[in-house]
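What follows is a short report on a single structure.
Residue numbers (the numbering used here): 2 to 78.
Now the structure itself:
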């Protein structure tokens, strides 16, 4: 599973988060994936384009982002 490190301590909007980590090619692709239920954060589907990943999700040290059925990324902080 690809692992990337996040240096920011700020809360991030899910679309900006995906774009910053190069998981998606464009913000419009991220919007479309989210609206169709194709993005999950720690096995919970993201249903709102305005979803913000809280800092509390990183308490265990990482977050798993799932795009579609087969693309997983581990984000460590």
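Built from N, CA and C at the ideal position, the CB exists for glycine as well.
Beta-carbon gap between residue i and residue j smaller than 7 Å
{"i": "residue 74", "j": "residue 24", "result": "yes"}
{"i": "residue 54", "j": "residue 5", "result": "no"}
{"i": "residue 46", "j": "residue 59", "result": "no"}
Best match in the options for proximity to residue i [C-alpha to C-alpha]
{"i": "residue 49", "options": "14, 78, 8 and 26", "result": "14"}
{"i": "residue 22", "options": "3, 61 and 62", "result": "3"}
Length of the line joining the Cα atoms of residue i and residue j
{"i": "residue 52", "j": "residue 43", "result": "14 Å"}
{"i": "residue 56", "j": "residue 65", "result": "14 Å"}
Supposed close pair residue i, residue j - CB separation, criterion 8 Å
{"i": "residue 20", "j": "residue 28", "result": "6 Å"}
Problem set entry | Given 8 Å, three or more beta-carbon pairs between the stretch 24-40 and the stretch 65-77 | The answer is yes - the stretch 65-77 touches the stretch 24-40, with three or more Cβ pairs under 8 Å.
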